[in-house]
Amino acid sequence: MANENIEERIIELLIDITGEEEIGDYRDDDLFEEDVLDSLGAIELLVRLKEEFGIAIAPTELEREEMNSVNKIVERVQERL
Amino acid sequence: MASRLQAAIDAQAQRVPQKTAFYNSRGESITYSELKRQSDALAHWIAKNDSITPKTPLVVYGHKSPLMLVCFMACVKSGHAYVPVDVVYPRDRVASIIGQLGPTVVLDTIGTIPQLLEDALERPCFDVTELQAELADELCAAQDATLEGVGENDLFYILFTSGSTGTPKGVQITTECVDNFSKWLMDSEFAVDEERIWFNRSPFTFDVSLTDMAAGLTRGDTLFALEDEADKSLALAFEALGTSDATEWVSTPSFVDQCLADESFDAQLMPNLKRMLLAGEVLRPETVRLAQKRFPGLRVFNGYGPTESTDLVTLCEITPEMLSADRALPIGYAKPDSQLLVLDPVSLEPLPDGEHGELFVVGNTVATGYWQRDDLTQAAFGCCPQQLAGQSRSYRTGDEVTREPDGLYYYHGRYDLQIKLHGYRIELGDIESALCALPEVHMACVLPSMRDGAISHLVALLVLADPNEKAGFALTKRLKAALRTTIPSYMVPRAFKYVDAFPLNPSGKADRKALAALITD
């Protein structure tokens, strides 16, 4: 899977969860601090990542700081593919 | 006559002095004898302090430390109602609460009132963590002095909840309300005679936090709680829960859902867990099924109650029959001393079983109204024509329910714009007022986004004051940051959408149904 493709699919996913169309333009923003994601949103994201990419990340496996931006989420997914 | 709840807790200092009354994820703990000793000392200190006006409600600031309980007990022992204010509240909300209370003082249990609060706190603020030495002296001096605690009809605590016009409103709970609620739980199936450790996720600003104080502390049980940082990190929460030995669990269904999303949340993590009491929002059958799969033999109870009637007014155990029935789960049977009336919301006539109507609570746990808001009090507490003579107080919940012939009640939604999100009670109008107060915003409408029959998040639809302003994430970020200074983070909508104009209904108001259609694809 091409890296670019993964990134795009994750951004699509995040747009779907957060309703924020321009999320892809702010890839280093802290999604929790900006109130784009909250604890339930984060769990929704993990569930969708499992459906989309088949990778299981337990909610207790990662601290918020490890997946609080678009870029970090992409990194975490790539590590596990 | 002192509060029965407080007397029952104090009695444990004689019965089981060395037993832990409360501990948290930071390892902070307090025994029953210390809880009594420290709260007695602080009560005497409060009574002697010249800057504290007798009988005024006092703010207790913090989250889930043992000192919160010490302060609560000290307040009621010295004749003051307590007003919990949680660390998650932004400055403006704290300022509004303190402003409404007037000549109050703040008892700070975390030792450092954050900088951002300092200018909001025009009232004296006492760091309780620093008072220990003074309190020891106080206790020696006070051996013989007696204090006058809160009386039966005095306020025991005030909980501030979201108000529809943007100002939080204070629900006034009397000693009588608290004692009547406690009596119910002490006599109910929760009064089992075994060693119990209660985990309660609810912050003290949330009525359900009274549940384990009433059912547990009065019997000498141990309470366990998550402090701030463990509340925010599921990994830390699991670590703490795993070593807690908790046998009872009290939380919102959505917190259980969050935990269940992690496969390690099971009987291996919490081998002693026996009972779960869930309240605060809609309980889905799937949550119960999964919890009982992970914790074989777990008993799950569903409860319901408005803050305005102290805590729960209905409760039932979820049975296999309820789970296999093709309908939503019941919220429970009525508390024996409460009369739960289902009335036609327009004519206020009683409705037969099975018909949808508005729930009115009548009985001995109904609050005396909203703090210094006679207008709101009259509207919510004074309009039940069906209550029996001699029963002085009723509360109009705004909740749509049915009662079945077997006595079970079912919840069907709200008649107004109040919602529950992650267990937090939120008036959508409160958020809309905060949005409209921003100079960039001309009109605002906040709507819940639904998934699987439950609210997943909030969406704000906005018409901007300046039509030429560039709408987008940069603006959204700025608006969210401004909102966070006036309302708690959990009330800030997840998604912001910008529109040129709102569709209006015939009365000239924003047409919420038409707007809702905009956000469902």
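From first to last, the protein sequence lines stand for chains A and B.
With my numbering as the guide, the letters of the first sequence map in order to residues 194 to 274.
With my numbering as the guide, the letters of the second sequence map in order to residues 9 to 529.
The beta-carbon is built from N, C-alpha and C at its ideal position, and this holds for glycine as well.
The continuous beta strand (DSSP E) containing B/E435 extends over residues Y432 to E435.
Not a single C-beta of chain A is nearer than 9 Å to the C-beta of B/K177. For A/V270, no Cβ of chain B is located within less than 9 Å of the residue's own Cβ.
The beta carbon of A/V229 falls within 9 Å of a beta carbon belonging to chain B, placing the residue at that interface. For B/K85 and B/R12, the gap between their C-alpha atoms comes out near 12 Å.
Among the CB atoms of chain A, none fall inside 9 Å of the CB of B/H364. The three-state reading of DSSP puts A/M260 in coil, since its state is none of H, G, I, E or B. A distance below 6 Å between beta-carbons, with the five flanking residues on each side excluded, links B/W192 to the following residues of its chain, in chain order: K343. Beta-bridge partners of B/N32 (DSSP): B/A233.
Only exposed fits B/G107, as fewer than 16 other CB atoms lie within 10 angstroms of its CB.
Under the 9 Å criterion on CB atoms, A/I203 is classed as non-interfacial with respect to chain B. Here B/Q108 is not bridged, per DSSP, to any residue. With a threshold of 9 Å between beta carbons, B/R209 makes no contact with chain A. The beta carbon of B/D519 lies closer than 8 Å to those of F510, P511, L512 and N513 in the same chain, with the five residues before and after it left out. A distance of 9 Å or more separates the beta carbons of B/L367 and B/E412. If the five residues before and after B/I166 are omitted, its C-beta is found closer than 6 Å to the C-beta atoms of P65, A89, V91, G178, Q180 and W379, all from its own chain and listed in chain order.
Here the alpha carbons of B/E325 and B/Q300 stand approximately 13 Å from one another.
Taking a cut-off of 8 Å for Cβ pairs, the segment 194-208 of chain B and the segment 132-142 of chain B do not touch, as fewer than three such pairs fall below it.
Counting of Cβ neighbours within 10 angstroms places B/D382 among the exposed residues, the total staying below 16. Distance check between B/D48 and each of B/M81, B/P328 and B/D229 places B/M81 closest, using alpha-carbon atoms only. For B/F164, the enclosing beta strand (DSSP E) begins and ends at L163 to T169. Interface annotation, A/E200: not in contact with chain B, CB-CB separation never under 9 Å. The beta carbon of A/G247 does not come within 9 Å of any beta carbon belonging to chain B, so the residue lies off that interface.
Taking 9 Å as the threshold, the shortest C-beta distance from A/R257 to chain B falls below it. Taking C-beta separations shorter than 6 Å and ignoring five residues to either side along the sequence, the partners of A/L207 in its chain run I216, following chain order.
The DSSP assignment places 293-302 and 328-332 as complete runs of the alpha helix (DSSP H) inside the segment 262-341 of chain B, in order along the chain (cut-off: 4 residues). If you check the CB distance, B/A254 and B/L281 come in under 9 Å. Bridge pairing for B/T373: absent [DSSP].
Taking each of B/L446, B/L491 and B/S464 in turn and checking the Cα distance to B/A473, the smallest one comes out for B/L446.
With fewer than 16 other beta carbons inside 10 angstroms of its own, B/D195 counts as exposed. Counting only runs that start and end inside the segment 450-515 of chain B, the beta strand (DSSP E) elements of at least 3 residues fall at 462-472 and 503-506. Here B/K521 carries a helix assignment [DSSP, helix/strand/coil]. Around B/H430, the beta-carbon contacts reaching into chain A at under 7 Å are L233. In terms of beta-carbon proximity, A/D221 stays away from the interface with chain B, with every pair separated by 9 Å or more. Ranking B/R486, B/N32, B/Y498 and B/I527 by CA distance to the CA of A/D222 puts B/R486 first.
The secondary-structure analysis by DSSP pairs B/E366 across a beta bridge with B/L351 and B/E408.
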